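Engineer: Let me give you the structure first, and then I'll get to my questions.
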RNA sequence: GGACGGGUGGGUGAGUGGCUAAAACCAGCAGACUGUAAAUCUGCCGCUCCUUGCGGGCUACGGAGGUUCGAAUCCUCCCCCGUCCA
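Numbering (the working numbering), first residue to last: 2 to 379.
See below:
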């Protein structure tokens, strides 16, 4: 395991500036990872992702296992080669699908039995299987299978999921240590995921036990599933504090633009979220003065760019009127341009946060960012 | 000139005596989306009044009459449109 992680600077607020080195490049943290579930960040070419300086993206074990199949990807030389992506790849284990595909699965201590949403066939995803599939994919960072629960959940339910996630992490660890590494990416590492719902003591306990297993990095899962943001922050902050300071901390599935900074201040180094990409395809665009629904009538003849203060290629070239037309006409280019802008927006915030930590003015940046994002409609 | 078929809300189009201000889809107006079963989903979508309620009034299924307690639905005449025959 050769994942290198270096904390370059810690802000008084708790925000960390770091550098994560993978076999596919160095990632400046805190980092925002675009989500590319099926081996593609929807509506984006790999070239376009490179233009946005994306250094790490997410792919999904469960989805790629079902289609096109991990063995095929292995034969094609691993996921990097298959999708022609030179940067880093982190694969989620399928734990989120335990949550999102609740109607199609059955959990037991052994693992998760899924009925495929594609063709109805049954599949068993165990912690060992999740490792095996991810080894075939050859991602740079894999995740141990976890059980992600809904909110609100009882303490009992949270404790049970946390316990199972811990047991699965142990089995994952054993599988990692006893089986051959990925032939396409021998330096692949795996992170464990902390669960425990919204119960601080469960989170602390779960974190401590996982830390004892000595993973090269840790994720905090099961947040941003419906609970208030303040609560997410409390849990994330408390949990992060229980994790080893020299290892990367990944908060899974977050967040909204105005929340990213909060999480950084919780000591989070990595985040991912579908919001920029999915919302883009649904015509919801982010600006420094609040979001806009590009399909709305008010933009039909609006010659301005999405965000007049944005430097992305979309804002430098295309008008709201044109994007409004593309969206209404259901033209593919609309999804492409919208996604490009939204991703730029998220990545730009993270970049600004990193710079603010580097220059030691994160708290001032913080108030400015909040003010800008909350200023209201453009 | 004759024989059929048809004219329904912005569009396509169901409905063929009451449960119909009228299905569904599209368009239109807004909203949601947090480790992606998502280019998806939800609400509104004749006009109007108010005490905003599974509320009242008005208008509406080509036009005009009629039958009926009640008609988009049945009858009569007229006007359009399509196909075929002369």
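Just so it is clear, CB atoms sit at the ideal spot from N, CA and C, and this is done for glycine as well. Computed from a prediction, not measured in an experiment: that's the story for all the values here.
#1: Tell whether a beta-carbon distance below 7 Å holds between residue 88 and residue 56.
#2: Thinking C-beta only, is residue 86 closer than 7 Å to residue 128?
#3: Determine contact between the segment 297–307 and the segment 356–365, defined as no fewer than three beta-carbon pairs at a distance below 8 Å.
#4: Apart from the five residues just before and just after residue 147, which ones in its own chain have a Cβ nearer than 7 Å to its Cβ?
#5: Taking the C-alpha atoms as reference points, what is the distance between residue 241 and residue 114?
#6: Leaving out the 5 sequence neighbours to the left and right, which residues in its chain are closer than 7 Å to residue 37 when beta-carbon positions are compared?
#7: Would you mind working out which of 135, 343 and 330 sits nearest residue 292, comparing C-alpha positions?
#8: So, at 6 Å on beta carbons, what are the nonlocal neighbours of residue 287 in its own chain, with the 5 sequence-adjacent residues on each side left out?
#9: Taking only three categories from DSSP, how would you classify residue 200?
#10: Any contact between the segment 131–149 and the segment 180–190? By contact I mean 3 or more CB pairs, one from each, below 8 Å.
#11: What number of angstroms, rounded off, separates the C-alpha of residue 153 from the C-alpha of residue 238?
#12: Check whether the segment 62–72 touches the segment 266–283, counting contact only when three or more Cβ pairs, one atom from each stretch, lie closer than 8 Å.
#13: Rounded to a whole number of angstroms, what is the C-alpha to C-alpha distance between residue 378 and residue 318?
#14: Helix, strand or coil for residue 378 per DSSP?
#15: Between residue 218 and residue 4, which are expected to be in contact by the criterion C-beta below 8 Å, what is the C-beta distance as a whole number of angstroms?
#16: Measuring alpha carbon to alpha carbon, tell me which residue in 266, 116 and 198 is nearest residue 158.
#17: If the criterion is Cβ atoms closer than 7 Å, does the pair residue 92 and residue 143 meet it?
#18: Per DSSP, residue 113 forms a beta bridge with which residues?
#19: Helix, strand or coil for residue 260 per DSSP?
#20: So, for residue 102: in the same chain, excluding its five sequence neighbours on each side, which residues have a beta-carbon less than 7 Å away from its beta-carbon?
Structural biologist: Considering the structure as presented:
#1: yes
#2: no
#3: no
#4: 94, 96, 166, 169, 194, 196 and 222
#5: 31 Å
#6: 58, 59 and 60
#7: 343
#8: 258, 343 and 346
#9: coil
#10: yes
#11: 19 Å
#12: no
#13: Note that residue 378 scores 42 on pLDDT, short of 50, meaning its location in the model is unreliable; the coordinates nonetheless yield the value given after this. For residue 378 and residue 318, the distance between alpha carbons rounds to 21 Å.
#14: Because residue 378 sits at a pLDDT of 42, beneath the cut-off of 50, its placement in the model cannot be relied upon, and the point is left open.
#15: 7 Å
#16: 198
#17: yes
#18: 108 and 126
#19: helix
#20: 115 and 118
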